[in-house]
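Protein chains: 2
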Amino acid sequence: MRSSYKTQGMDTSQYTPGEVAARFGLSLDTLRYYEKEGLLTEVERTPSGHRRYRPSDVELLDLVRCLRDTDMPIARLREFAELVRDGDHTVQSRLELLADHDARLTERIAQLRERQQAIRHKIDYYRGVLAARSGEEDPR
Amino acid sequence: MRSSYKTQGMDTSQYTPGEVAARFGLSLDTLRYYEKEGLLTEVERTPSGHRRYRPSDVELLDLVRCLRDTDMPIARLREFAELVRDGDHTVQSRLELLADHDARLTERIAQLRERQQAIRHKIDYYRGVLAARSGEEDPR
DNA sequence: CTTGTAGCTGGAGCGCACTCCAGGTCAACC
DNA sequence: GGTTGACCTGGAGTGCGCTCCAGCTACAAG
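Just so you know, the sequences run in chain order V and L.
Once you know that position 94 of the first sequence is 95 in our numbering, the rest is easy, because the numbers rise by one and skip nothing.
Once you know that position 55 of the second sequence is 56 in our numbering, the rest is easy, because the numbers rise by one and skip nothing.
What follows is the structure, given as structure tokens:
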């Protein structure tokens with residue numbers, strides 16, 4: 002819970018590492034790791050060197066997590082973050098990158114559903130075995 | 002392509018490692034790895050020590066691949082394979098294991114779809130940016 | 001008999017995405 | 001001034017799922 006307000010000027014909504022980590026369910030190590038890997042655009046620091054995340058950082062992190070949750074590899078996320086860093090003229094490229102990921106995701110979901118069907122057939126088969134077995138009961 | 006037929010008795014439908022690997026798109030190393038990890042019930046050998054996979058092996062491998070493709074960890078697959086090895090009285094447990102996996106899978110698919118929605122919103126946002134930009138054209 | 005292709009073993013190595021750690025600093029409160 | 005708790009750094013370590021390799025054997029074709 003943000004409690005401290007800095008010496009001068011009300012804090013313009015920045016978040017401590019602890020807050021951000023909690024919000025996304027990440028460890029501090031992971032947060033730092035993402036930064037080190039270039040998935041976050043340069044995070045602000047307090048004079049003493051502690052990180053302060055601004056809303057734009059949090060927003061990017063939100064997207065990064067979304068993409069990670071859908072199995073985009075770190076390397077590809079880095080590419081994306083670089084495009085973001087490079088400014089407005091990269092919007093087209095970002096769009097392509099995301100559209101490509103979206104397509105992969107569609108494919109992946111379809112594959113998972115197919116496999117799930119197969120698994121359910123197996124489950125049904127086992128149910129059948131159990132049913133047949135309880136049908137014969139003890140043969141006395 | 003099975004061409005060789007063994008010295009005596011037509012081969013009762015066994016497959017060489019190469020055949021099986023090709024069929025499932027696995028490497029020989031992966032195939033051996035699965036066996037070493039206990040995901041396959043004891044595979045037959047020729048007198049000289051070469052593996053010969055029987056239809057039942059192939060069938061189990063098919064299920065194993067299906068489960069791996071849906072991200073079941075090796076350790077869990079081993080549990081499953083052990084149940085298979087332990088015989089018919091484990092059908093109930095196998096059923097539970099598969100049903101559990103099925104539930105996870107449903108959840109995972111739902112999560113992927115949610116994330117995909119978020120990604121699509123971002124894509125739409127970028128499309129909007131590009132559209133607006135081409136709308137203003139060069140301001141002459 | 002030589003060559004070629006496929007397979008065998010045990011063990012090392014790899015890429016990925018974290019995760020942990022030692023040894024420090026900073027800021028606030030009692 | 002001492003303690004506490006959050007944060008800092010660089011670098012090592014981990015777990016998973018393969019993947020590679022050296023050095024060997026098997027066996028069918030030419």
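Beta carbons are placed, not taken as given, at the ideal position from N, Cα and C, and that holds for glycine.
Predicted, not measured: the structure shown is a model, and the values here were computed from it.
Next item on the list: Measure how close the beta-carbons of residue 110 of chain V and residue 103 of chain L come, nearest whole angstrom, since I'm counting them as under 8 Å.
Entry: Actually they are not in contact, since the Cβ atoms of residue 110 of chain V and residue 103 of chain L sit about 16 Å apart, beyond 8 Å.
Checklist line | Sub-8 Å separation of residue 120 of chain L and residue 99 of chain V beta-carbons | finding: yes
Note to self: I want to know whether the region 22-41 of chain L touches the region 80-88 of chain V - three or more CB-CB distances under 8 Å.
What the structure shows: no
Note to self: Do residue 93 of chain V and residue 45 of chain V count as a contact pair if the criterion is CB distance below 8 Å?
What the structure shows: no
Checklist line | Residues of the region 40-74 of chain V whose Cβ lies closer than 8 Å to any Cβ of chain L, in chain order | finding: 64, 67, 68, 70, 71
Checklist line | Any alpha helix (DSSP H) of 4 or more consecutive residues that is wholly inside the region 45-114 of chain L | finding: 56-70, 75-86
Next item on the list: To the nearest angstrom, report how far apart residue 47 of chain L and residue 25 of chain L are at their CA atoms.
Entry: 22 Å
Checklist line | Within chain L, partners of residue 15 of chain V - CB distance below 9 Å | finding: Residues of chain L passing the Cβ test: none, with the nearest at roughly 24 Å.
Note to self: Measuring straight from C-alpha to C-alpha, what distance separates residue 72 of chain L and residue 82 of chain V?
What the structure shows: 28 Å
Check: Does the Cβ of residue 29 of chain L have 16 or more other Cβ atoms within 10 Å, making it buried, or fewer, making it exposed?
Finding: exposed
Next item on the list: Taking residue 19 of chain V as part of the alpha helix (DSSP H), name the residues at either end of that continuous run.
Entry: 18-25
Check: Hey, out of L:17, L:42, L:101, whose CA is closest to residue 53 of chain L's CA?
Finding: L:17
Margin query: Using a Cβ-Cβ cutoff of 8 Å, what residues of the region 100-124 of chain L are near chain V? List them in chain order.
Written below: 100, 102, 103, 106, 107, 109, 110, 112, 113, 114, 116, 117, 119, 120, 121, 123, 124
Check: Any idea if residue 134 of chain V is buried or exposed, counting beta-carbon neighbours within 10 angstroms, 16 or more meaning buried?
Finding: exposed
Item checked: Pairwise C-alpha distance: residue 70 of chain L and residue 76 of chain L -> 14 Å
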